[in-house]
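*Asks:* Before I ask anything, here is the structure I am working with.
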Amino acid sequence: MTTRIAVATEPGYEVLVGAGVFEFARELAAPRDVLVRDSGLPEALGWLETSGAIALPPGEEAKDWESLGALLGALAHEALDRSTTLFVVGGGAALDLGGLAAALYLRGVEVVYCPTTLLAMVDASVGGKTAVNLPEGKNLVGVVRQPRAVFADTRFCASQSEAEFRSGLGEVLKCAVIGGERGLESLEHDAAALAKRDAAALERTIARCVRLKARIVERDPLERGARRVLNLGHTFAHAVERVAGFGRVPHGVAVAAGLGAALELARAAGVLRDATLPARVRRMAKRLGLPASIDALREEFSLALPPRKLLEAMRHDKKALAAQPRFVLPERAGKVLHGVACEPSLVERVLAPKRKRAPGTARPRRA
Ligand SMILES: NC(=O)c1ccc[n+]([C@@H]2O[C@H](COP(=O)([O-])OP(=O)(O)OC[C@H]3O[C@@H](n4cnc5c(N)ncnc54)[C@H](O)[C@@H]3O)[C@@H](O)[C@H]2O)c1
Ligand SMILES: [Zn+2]
10 MTTRIAVATE PGYEVLVGAG VFEFARELAA PRDVLVRDSG LPEALGWLET
60 SGAIALPPGE EAKDWESLGA LLGALAHEAL DRSTTLFVVG GGAALDLGGL
110 AAALYLRGVE VVYCPTTLLA MVDASVGGKT AVNLPEGKNL VGVVRQPRAV
160 FADTRFCASQ SEAEFRSGLG EVLKCAVIGG ERGLESLEHD AAALAKRDAA
210 ALERTIARCV RLKARIVERD PLERGARRVL NLGHTFAHAV ERVAGFGRVP
260 HGVAVAAGLG AALELARAAG VLRDATLPAR VRRMAKRLGL PASIDALREE
310 FSLALPPRKL LEAMRHDKKA LAAQPRFVLP ERAGKVLHGV ACEPSLVERV
360 LAPKRKRAPG TARPRRA
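Under my numbering, think of the first position of the sequence shown as 10, with each following residue one higher.
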């Protein structure tokens, strides 16, 4: 099966999702086009013929100035002209770099994305954001520019490490909450099959997330307002990633825990209107093997994550205004508010460790 989703941005494009859609990308490629690939992709994918491709450093290593310069140099070396399309095969990092290089080379050539991780299929390949990192921070340099097409071949998910696949599932859980009752019900239905990477469940789930993101970025391509709801759980997640040290907790896993924290804060701040939502999200997180709170993350990764340090990190978040963190908080599934300012004391309460000490580790009571 193949699912096609039209994204009505300016310009518009199609996202094809399903097992085998990489073949369609291959058919679309003209002889003058160029293949760029993440060198961290396993060699053993028999159907992935990428001889002659320009290799990028694996994953996040690709997202720096040096790799961008090297890729632009390779394109110039081949004397490619404006009629060339770049086909980028890789995770979100490769797409972010390849998309930026395509936007810059000869002031812009077209780019086709072939995402190879669940996270890149549900998130990075749609919406047109591209970026590289600076030593001062992640994603500080980039442009918004839509691709010519996206081919999300679910077969790639089979070779992802468990940690990387779980990271994608965290963004899937976030999408279900933003997607409303139907989003939640569909994920409840597919969670068990999805955790086993079943092809049909993957296709349905990726298609749902892509449709959701498409409808949001169509209204707000440059993230002036509505698109911010996609950052649900991210103020907490970014703080956790920063305090834990980047790379320690996979991004989407931090997002799942951040989603739990956002629900707690929404309840504490009186924003949450559906009291059943937190428990429902916790149940689903459990089925997907994801932490549903900052505490669960502390336990899994043996991290202290002191509340004050997390709060301090939030003040540096890109979305903070005048050093006041802004939150994306759910009112109920399908209704998410953005730009909400909350009392620091309330946030600190949400961030405070709540787990009781394990039996045997409790301090002895005074007689
Ligand atoms: N542009 C956007 O809108 C957007 C959205 C979300 C995330 N991002 C960016 O995406 C990046 C994260 O992307 P990611 O989670 O895909 O990770 P990634 O691109 O860093 O890849 C993670 C690892 O998996 C390897 N890999 C890729 N595909 C594989 C496969 N099929 N089998 C086995 N290994 C594979 C890579 O070589 C790498 O080592 C971040 O840099 C983030 O900023 C961008
Ligand atoms: Zn994210």
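Even glycine gets a Cβ: it sits at the ideal position worked out from N, Cα and C.
Alpha carbon to alpha carbon, how far is I303 from L312? Give it in angstroms, no decimals.
*Replies:* For the purposes of this step, residue 312 is taken as the residue at position 303 of the sequence shown. For the purposes of this step, residue 303 is taken as the residue at position 294 of the sequence shown. L312 and I303: Cα-Cα distance of roughly 10 Å.
*Asks:* D207: beta carbon under 7 Å from a heavy atom of ligand 2?
*Replies:* Within the sequence shown, residue 207 is the residue found at index 198, counting from 1. No; taking the cut-off as 7 Å, the Cβ of D207 has no heavy atom of ligand 2 nearer than that.
*Asks:* Following the continuous beta strand (DSSP E) through F96, name the residue where it begins and the one where it ends.
*Replies:* Position 87 of the sequence shown, counting from 1, holds the residue named residue 96. T94 to G99 is the extent of the beta strand (DSSP E) around F96.
*Asks:* Could you name the residues of the same chain whose beta carbon sits closer than 7 Å to that of P51, not counting the 5 residues immediately before and after it, in chain order?
*Replies:* Within the sequence shown, the letter at position 42 stands for residue 51. S168, listed in sequence order.
*Asks:* When you compare only the Cα positions, how much space is there between V150 and P66?
*Replies:* For the purposes of this step, residue 150 is identified with residue 141 of the sequence shown, where counting begins at 1. For the purposes of this step, residue 66 is identified with residue 57 of the sequence shown, where counting begins at 1. Using only the alpha carbons, I get a separation of about 19 Å.
*Asks:* Would you check whether ligand 4 has a heavy atom nearer than 7 Å to the C-beta of S354?
*Replies:* Only ligand 1 and ligand 2 can be found as ligands here, which leaves ligand 4 out of the picture.
*Asks:* Between which two residues does the beta strand (DSSP E) containing L211 stretch?
*Replies:* As a position in the sequence shown, residue 211 is number 202, starting the count at 1. Note, L211: premise wrong, no beta strand (DSSP E); alpha helix (DSSP H) at A208 to R228.
*Asks:* Taking T17 as the reference, give the member of D229, L57 and E340 with the closest Cα.
*Replies:* To locate residue 17, count along the sequence shown from 1; it is residue 8. Position check: residue 17 holds Ala in this sequence, whereas Thr was assumed. The shortest C-alpha separation from A17 is found at D229.
*Asks:* Pop quiz: T94 and V118 are said to be a contact at Cβ under 8 Å. What is the actual Cβ separation, rounded to whole angstroms?
*Replies:* Taking the first residue of the sequence shown as position 1, residue 94 is located at position 85. Taking the first residue of the sequence shown as position 1, residue 118 is located at position 109. Rounded, the Cβ-Cβ distance is 7 Å, consistent with contact.
*Asks:* Is H260 close to ligand 2? I mean its beta-carbon at under 7 Å from any heavy atom of the ligand.
*Replies:* As a working note, residue 260 is residue 251 in the sequence shown. A distance criterion of 7 Å places the beta-carbon of H260 in contact range of ligand 2, judged by its closest non-hydrogen atom.
*Asks:* Which residues in the same chain as C184 place their Cβ atom closer than 6 Å to its Cβ, once the five residues preceding and following it in sequence are excluded?
*Replies:* On the sequence shown, position 175 is the one that residue 184 refers to. Here the set comprises C218 and L221.
*Asks:* With T12 as the anchor, note down where its beta strand (DSSP E) starts and where it stops.
*Replies:* For the purposes of this step, residue 12 is taken as the residue at position 3 of the sequence shown. T12 to V16 is the extent of the beta strand (DSSP E) around T12.
*Asks:* Could you check whether the Cβ of V264 sits closer than 7 Å to any heavy atom belonging to ligand 2?
*Replies:* On the sequence shown, residue 264 is found 255 positions in, with the first residue counted as 1. Yes; taking the cut-off as 7 Å, the Cβ of V264 has a heavy atom of ligand 2 nearer than that.
*Asks:* With V26 as the anchor, note down where its beta strand (DSSP E) starts and where it stops.
*Replies:* In the sequence shown, the residue the question calls residue 26 occupies position 17. Run containing V26: Y22 to G27, per the beta strand (DSSP E) assignment.
*Asks:* Is C351 helix, strand or coil when you go by DSSP?
*Replies:* In the sequence shown, counting from the first residue as 1, residue 351 sits at position 342. C351 falls in the coil class under three-state DSSP.
*Asks:* Taking the alpha-carbon positions, what's the V238 to K327 distance?
*Replies:* Within the sequence shown, the letter at position 229 stands for residue 238. Within the sequence shown, the letter at position 318 stands for residue 327. Their backbone Cα atoms lie some 15 Å apart in a straight line.
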